[in-house]
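Residue 78 in the numbering used here is what sits at position 53 of the sequence shown, and the numbering runs on without skipping anything.
Glycine included, every Cβ here is placed at the ideal spot set by N, Cα and C.
First comes the structure, then the notes that go with it.
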Amino acid sequence: MCPYCNKASFYSPRDLERHIRIHTGEKPYRCQHCSYRARLKAHMKSHLLRIHGFAESAKVGGHGVSQVAQVTQHSQDTSL
């Protein structure tokens with residue numbers, strides 16, 4: 026059960042952990058290219074692709090970031 030809003034239905038303890046971040050404002054995923062921080066890994070993946078043109082391939086944020094390939098450059102090179 027969420028100690029902040031008393032929501033009780035979560036599929037797993039991990040879901041509760043992610044939910045609590047809404048209340049605490051914790052953003053554990055940090056972009057290595059700018060100051061953006063994200064609450065969810067999916068938000069960081071989206072940011073990397075949308076803003077920096079990177080396709081994320083492994084872990085993100087303070088949990089060990091893998092270097093990624095630039096999709097934009099590849100697309101430009103193959104369209105020539």
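Checklist entry - By a C-beta neighbour count over all protein chains shown, 10 Å radius and 16 as the cutoff for buried, is Y54 buried or exposed? => result buried
Checklist entry - Who are the near neighbours of F35 in its chain, counting only those whose CB is closer than 6 Å to its CB and skipping five residues on each side? => result L41
Checklist entry - What are the boundary residues of the alpha helix (DSSP H) that includes K52? => result Taken as a continuous stretch (DSSP letters only), K52 belongs to no alpha helix (DSSP H), as it is neither H nor E.
Next on the checklist: Tell me the rounded alpha-carbon separation between L65 and R46.
Outcome noted: 9 Å
Item to check | C56 beta carbon less than 8 Å from that of M69 | outcome: yes
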